[in-house]
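Below you'll find the structure, written out as structure tokens, and then a few comments.
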């Protein structure tokens with residue numbers, strides 16, 4: 006899904022969803038909402054997932070195969086999934102068991118569900134009995150940054166942690182938590198002494214707002230003291246974001 010590949014979350018945003026009733030995890034650069042998975046599999050097998058709520062679990066996986074890490078069990082001498090955190094949903098037991106539910110096509114961590122009409126037709130043709138909702142909800146940001154947003158009409162000021170991959174439109178959507186009418190403003194930045202209108206379809210970097218955090222740290226300065234600012238100018242309409 007191209008849209009999901011352009012939707013980014015910060016580790017802080019993932020960490021906010023840290024309960025079994027609202028459970029996000031990230032791994033291998035993607036973010037998953039596994040709340041439904043936990044609800045559908047109550048009990049011992051969902052506990053490791055609940056314990057991981059809000060965290061990155063990339064260390065559970067082999068980066069090359071993108072599958073759960075494997076090892077040779079010293080007792081059985083058989084290769085199996087390595088789950089020191091405890092066996093979880095869709096991980097088979099070490100010993101053969103008729104209690105293991107294997108009525109699924111792929112384990113949850115390998116599936117990005119497609120609900121296009123054609124896909125649903127194929128699903129029906131293949132007589133799949135369960136349609137799980139989509140678990141993959143977006144990408145984990147490779148790098149976050151802070152931006153200061155100043156409303157020139159009200160003089161309100163907010164500092165947001167955003168993804169470096171976010172476009173200004175995506176940052177605007179996040180800013181609506183502070184100003185529901187964010188779409189009623191022109192977004193500008195100071196450039197060579199003049200206020201320049203920003204391209205909302207581009208990222209901060211693409212708009213010339215460079216991330217100087219690493220450079221500042223190299224100079225022994227705290228980047229938190231040098232957060233770049235954007236100015237919002239009211240357009241005199243009350244359109245919603």
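Residue numbers (our numbering): 6 to 246.
Cβ coordinates follow ideal geometry from the N, Cα and C atoms, glycine included.
Keep in mind it's a predicted model, so treat the numbers as computed, not measured.
Quick one: residues in its chain with C-beta nearer than 8 Å to the C-beta of residue 32, no 5 flanking neighbours on either side, listed in chain order? 61, 62, 63, 65, 66 and 114
For residue 201, the first and last residue of its enclosing beta strand (DSSP E): 199-202
So residue 207 and residue 200 are in contact, right, with Cβ under 8 Å, and what is the actual spacing, rounded? About 17 Å separates the two Cβ atoms, so there is no contact after all.
What separation, rounded to the nearest whole angstrom, lies between the Cα atoms of residue 198 and residue 29? 43 Å
How many Å lie between residue 155 and residue 222 at the Cα? 25 Å
Going straight from the alpha carbon of residue 217 to that of residue 85, what length do you get? 46 Å
Can you tell me whether DSSP reads residue 223 as helix, strand or coil? helix
C-alpha distance - residue 191 paired with residue 178, whole-angstrom precision: 14 Å
Under three-state DSSP, which class holds residue 114? helix
Excluding the five sequence neighbours on either side, which residues of its own chain have a C-beta within less than 7 Å of the C-beta of residue 35, listed in chain order? 141, 144 and 145
Quick check: what's the CA-CA separation for residue 41 versus residue 112? 14 Å
Cβ-Cβ distance between residue 247 and residue 174 below 8 Å: The requested residue 247 is not part of the displayed model; the chain covers only 6 to 246.
Close Cβ partners of residue 109 (< 7 Å) along its chain, the five nearest in sequence each way excluded: 95
Comparing C-alpha positions only, which one of 235, 227, 189 and 224 sits nearest to residue 209? 235
What is the C-beta distance between residue 24 and residue 168, in whole angstroms, given that I count them as a contact (C-beta under 8 Å)? In fact, because the Cβ distance is near 23 Å, the residues do not count as touching under 8 Å.
Classify residue 195: buried if its beta carbon has 16 or more other beta carbons within 10 angstroms, exposed otherwise. exposed
Among all the DSSP beta bridges, which residues are the ones paired with residue 66? 73
What does the Cβ neighbour count give for residue 149, buried or exposed, with the cut at 16 atoms within 10 Å? buried
Whole-Å CB distance - residue 1 paired with residue 55, under 8 Å assumed: Nothing can be reported for residue 1, as the shown portion of the chain is limited to 6 through 246.
Determine which residues share a DSSP beta bridge with residue 191 and list them. 238
Just to confirm the assignment, what range does the alpha helix (DSSP H) spanning residue 55 have? 52-56
So for residue 215, helix, strand or coil by DSSP? coil
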